[in-house]
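Protein chains: 2
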Amino acid sequence: MKLREFAQQLGLSPTTVSRALSGYPEVSEKTRKRVAEEAARLGYRPNINAVRLVTGRAGAIGVVMGRSGEFHFSEFMGGLAERLGAEDIDILVSPMDDKNPTGEIQLYSRLAVSGRVDAVIVHSPEPNDERIALLHKLGMPFLVHGRSDIDVPHAWLDIDNEGAIRRATSHLIDLGHRRIAMINGRQGRTFSLHRDKGYRDALEARGIPFDPRLVAHGNFTDELGFRFARSFLEQTPRPTAFVAGSMMTALGIYRAARSMGLEIGREVSVIAHDDVFPYLTAENMVPSLSATRSSMRAAGARSADLVLQLLSGRPTEEVHELWPVELILRESTAPPPQNG
Amino acid sequence: MKLREFAQQLGLSPTTVSRALSGYPEVSEKTRKRVAEEAARLGYRPNINAVRLVTGRAGAIGVVMGRSGEFHFSEFMGGLAERLGAEDIDILVSPMDDKNPTGEIQLYSRLAVSGRVDAVIVHSPEPNDERIALLHKLGMPFLVHGRSDIDVPHAWLDIDNEGAIRRATSHLIDLGHRRIAMINGRQGRTFSLHRDKGYRDALEARGIPFDPRLVAHGNFTDELGFRFARSFLEQTPRPTAFVAGSMMTALGIYRAARSMGLEIGREVSVIAHDDVFPYLTAENMVPSLSATRSSMRAAGARSADLVLQLLSGRPTEEVHELWPVELILRESTAPPPQNG
DNA sequence: TCAAAAATTTAAAACGGTTTGGGACATTTG
DNA sequence: CAAATGTCCCAAACCGTTTTAAATTTTTGA
Numbered sequence: 639m640k641l642r643e644f645a646q647q648l649g650l651s652p653t654t655v656s657r658a659l660s661g662y663p664e665v666s667e668k669t670r671k672r673v674a675e676e677a678a679r680l681g682y683r684p685n686i687n688a689v690r691l692v693t694g695r696a697g698a699i700g701v702v703m704g705r706s707g708e709f710h711f712s713e714f715m716g717g718l719a720e721r722l723g724a725e726d727i728d729i730l731v732s733p734m735d736d737k738n739p740t741g742e743i744q745l746y747s748r749l750a751v752s753g754r755v756d757a758v759i760v761h762s763p764e765p766n767d768e769r770i771a772l773l774h775k776l777g778m779p780f781l782v783h784g785r786s787d788i789d790v791p792h793a794w795l796d797i798d799n800e801g802a803i804r805r806a807t808s809h810l811i812d813l814g815h816r817r818i819a820m821i822n823g824r825q826g827r828t829f830s831l832h833r834d835k836g837y838r839d840a841l842e843a844r845g846i847p848f849d850p851r852l853v854a855h856g857n858f859t860d861e862l863g864f865r866f867a868r869s870f871l872e873q874t875p876r877p878t879a880f881v882a883g884s885m886m887t888a889l890g891i892y893r894a895a896r897s898m899g900l901e902i903g904r905e906v907s908v909i910a911h912d913d914v915f916p917y918l919t920a921e922n923m924v925p926s927l928s929a930t931r932s933s934m935r936a937a938g939a940r941s942a943d944l945v946l947q948l949l950s951g952r953p954t955e956e957v958h959e960l961w962p963v964e965l966i967l968r969e970s971t972a973p974p975p976q977n978g
Numbered sequence: 639m640k641l642r643e644f645a646q647q648l649g650l651s652p653t654t655v656s657r658a659l660s661g662y663p664e665v666s667e668k669t670r671k672r673v674a675e676e677a678a679r680l681g682y683r684p685n686i687n688a689v690r691l692v693t694g695r696a697g698a699i700g701v702v703m704g705r706s707g708e709f710h711f712s713e714f715m716g717g718l719a720e721r722l723g724a725e726d727i728d729i730l731v732s733p734m735d736d737k738n739p740t741g742e743i744q745l746y747s748r749l750a751v752s753g754r755v756d757a758v759i760v761h762s763p764e765p766n767d768e769r770i771a772l773l774h775k776l777g778m779p780f781l782v783h784g785r786s787d788i789d790v791p792h793a794w795l796d797i798d799n800e801g802a803i804r805r806a807t808s809h810l811i812d813l814g815h816r817r818i819a820m821i822n823g824r825q826g827r828t829f830s831l832h833r834d835k836g837y838r839d840a841l842e843a844r845g846i847p848f849d850p851r852l853v854a855h856g857n858f859t860d861e862l863g864f865r866f867a868r869s870f871l872e873q874t875p876r877p878t879a880f881v882a883g884s885m886m887t888a889l890g891i892y893r894a895a896r897s898m899g900l901e902i903g904r905e906v907s908v909i910a911h912d913d914v915f916p917y918l919t920a921e922n923m924v925p926s927l928s929a930t931r932s933s934m935r936a937a938g939a940r941s942a943d944l945v946l947q948l949l950s951g952r953p954t955e956e957v958h959e960l961w962p963v964e965l966i967l968r969e970s971t972a973p974p975p976q977n978g
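Here the protein sequences line up with chains A and B, keeping their order.
Those letters in the first sequence? Residues 639 to 978, per my numbering, in order.
Those letters in the second sequence? Residues 639 to 978, per my numbering, in order.
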């Protein structure tokens, strides 16, 4: 049903009906109520594409999905969707070809120019992130999930990676560990750098020399966790503790330790960062996994809020949110063995 | 830049330009080429919302995302996106509140009526799936990922769950196992039923009585894998083998076996279904995990193809695809212990 | 009571494209 | 060489809303 017909049935003009439905003040309360009721009864809904054309708004926000196994992606999306479902705003997912970095910038460019989205969410930024510069230049509103050092104003939501890893590392030092390995995220991402810094600062604060042979970078996969852990554990003296970038990494570390006959929580301590997944929980691992913890789903939900605020005019400079991270100690951390 | 201005710069009428860009035959090859080149050079792109309004097409397909930990969701999406990125079609994600089943049907209804999408993909259907009936009634094209017994024509893409589990179970029987436990997916989903059937048929074919105390249903989480496996292993006699619905379930089973001092691959065999994740691979587990295997990402990509075919008029009845499933044997399966 | 002000409602002009129905020109046919 | 056939191109109508500017009705104030 079109607005025209609907209005006719009500004996009103299209204008009045449109205004009544959009909550303009120029329409009397009585009329508004009648229109709302009849719309519900007759099932009238404005044609979304006509609305989009005339308002110039897309009614959607864009998210670019990396190809390489991002298992936290669906949690973030879940949070986003949860919050955006209430508004009448869609989530538009674009795929990215990780293998072709030039493609990425084109992708963002297309997304921004195409008019399909009103805003974009940028993930896993780098300190000098081209995408941020591009979106700023194009005037497309965007929220960065993470942070960047780039000299371009950008709204962001991030967790305190540096503080989290500093605390985790400090805790391991407090327990008596001196050789602490770290398996971090992909080289070059801001969050990896922040975690590196937290780790180094914690060591430095206690006068423990930084050993580059104890730090590795890579995707958050079980396999890399295993391979790095394995190669670290083969060093002599071997590390007595690990700081892991993700739950999957931790799985790999557990596996590596076991494969070498080492008992987690006694001979090797592990703290991982946990994004909180319904299907894999740190508490249930054996031994239960000590973790720095921050809900990815909550971040998604909050990101939706912030994007909506940006769109309704809140200035970019105001939208910066840094979330603290919990440190939850469980069985996987303990003092190092005496003859470590 | 608008069509008007762009056409003017070319010294052509908007009509001709529009036709040239849309590949109509009434335009000479020479003109078409010139228009295409200039469009690229000047960066002209038709306003997507105007196109949508006038053509009545949404240029997007919808996917409903369940709330409960669906870690395979992002793999499916990845495949979908990969294929749809080439076309000019968006993916629209809607969230679903799992706790409110009435909400689900409303959600699909809204999605269908809203005109935001040209087609919908339905996940994890049930034998008598209300959503399928609804979409059919509303005349919204849709593809079911999975199958349903409902008496409504529907296009679907599914893997041979029944055959996969039948083979997996048969293999365990061949190895000598007699008490085989199965930890399946959520009760009521068609794929769970198919797997149940495959399991029972395999037992029956070898004259092994079906014991309901060896079968459990639930979400694919590490935790449920652990809890069910644990309770099964506490039975006497205990099962000597497990068929697991997912990688996460398998993780839980490994954990349960270990927690009871049982060695996987010697005292307990495990076969799981593997949707193929970049971050957690069956091959890397210790011991490496035997698995029925089918790429979720490939299913997503193919689903995109099939939806496009539906939209371009291929009849629903023709679009049925059943994929065979590989069975890959690794270290987690072996004959049962002699005194089992 | 009546003009002015305020509150409602409406007609018409966008929004930026696609597509229908011709018209102009070039090419073939009888 | 006129008529018939193709090939390109164009003007105008239309998609279904929102919004501006104007018209109408109601309320207010002297």
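Quick reminder that beta carbons are idealized off the backbone N, C-alpha and C, glycines included.
Under 9 Å by beta carbon: chain A residues contacting residue i
| i | result |
| --- | --- |
| B/T919 | T859, D860, E861 |
| B/V853 | Within 9 Å Cβ-Cβ: nothing; B/V853 doesn't reach chain A, min ~20 Å. |
Proximity below 7 Å, CB of residue i to CB of residue j
| i | j | result |
| --- | --- | --- |
| A/A819 | A/F870 | yes |
| B/L730 | A/D728 | yes |
| A/A793 | A/V655 | no |
| A/R754 | B/I686 | yes |
| A/I891 | A/A854 | no |
| B/F829 | B/R838 | no |
| A/D913 | A/H783 | no |
| B/P973 | B/L810 | no |
| A/A645 | B/L691 | no |
| B/P791 | B/L948 | no |
| B/R642 | B/A658 | no |
| B/A750 | B/L722 | no |
Opposing strand residues paired with residue i [DSSP bridges]
| i | result |
| --- | --- |
| A/M703 | A/P733 |
| A/A910 | A/A882, A/A929 |
| A/F714 | Per DSSP, none; premise fails for A/F714. |
| B/F915 | B/L918 |
Exposure label - residue i; buried when at least 16 CB within 10 Å
| i | result |
| --- | --- |
| B/P663 | exposed |
| A/K640 | exposed |
| A/T807 | buried |
| A/R679 | exposed |
| A/S651 | exposed |
| A/V908 | buried |
| A/S660 | exposed |
| A/E613 | Missing from the structure shown is residue 613 of chain A; chain A here goes from 639 to 978 and no further. |
| A/P875 | exposed |
| A/G649 | exposed |
| A/G863 | buried |
| B/S666 | exposed |
| A/E842 | exposed |
| A/P763 | buried |
Within chain B, the residues that residue i reaches when beta carbons sit closer than 9 Å
| i | result |
| --- | --- |
| A/G723 | S732, P733, M734, D735, L745 |
| A/S926 | Those do not exist, as A/S926 stays about 11 Å from chain B at its closest Cβ, beyond 9 Å. |
| A/M898 | Ordered by position in chain B, no residue passes the 9 Å Cβ test against A/M898, which lies about 11 Å from the chain. |
Partner residues on chain B for residue i, Cβ-Cβ distance less than 7 Å
| i | result |
| --- | --- |
| A/D728 | L730, R754 |
| A/V751 | R683 |
Contact list for residue i against chain A, beta-carbon separation under 7 Å
| i | result |
| --- | --- |
| B/N822 | Going along chain A, no residue has its Cβ under 7 Å from B/N822, so there is no contact; the nearest lies around 15 Å. |
Neighbour list for residue i in chain A, Cβ cutoff strictly below 8 Å
| i | result |
| --- | --- |
| B/P652 | Those do not exist, as B/P652 stays about 16 Å from chain A at its closest Cβ, beyond 8 Å. |
| B/A719 | M703, V731, S732, P733 |
| B/F864 | N922 |
Contacts that residue i makes with chain B (C-beta to C-beta distance below 8 Å)
| i | result |
| --- | --- |
| A/L1056 | Outside the modelled stretch of chain A, which goes from 639 to 978, sits residue 1056 of chain A, for which no answer is possible. |
>> Would the stretch 850-866 of chain A count as touching the stretch 950-963 of chain A if we require 3 or more Cβ pairs under 8 Å?
In response: no
> Is it a yes or a no for the stretch 759-768 of chain B touching the stretch 919-932 of chain B, going by three-plus beta-carbon pairs under 8 Å?
Replying inline: no
> Is there contact here, the stretch 739-753 of chain A with the stretch 961-973 of chain A, by at least three beta-carbon pairs under 8 Å?
Replying inline: The answer is no - the stretch 961-973 of chain A does not touch the stretch 739-753 of chain A, with fewer than three Cβ pairs under 8 Å.
>> Under 8 Å, with one C-beta from each stretch per pair, do the stretch 880-895 of chain B and the stretch 810-825 of chain B reach the 3-pair mark?
In response: yes
> At a cut of 8 Å, does the stretch 793-804 of chain A reach the stretch 941-949 of chain A through at least three beta carbon pairs?
Replying inline: yes
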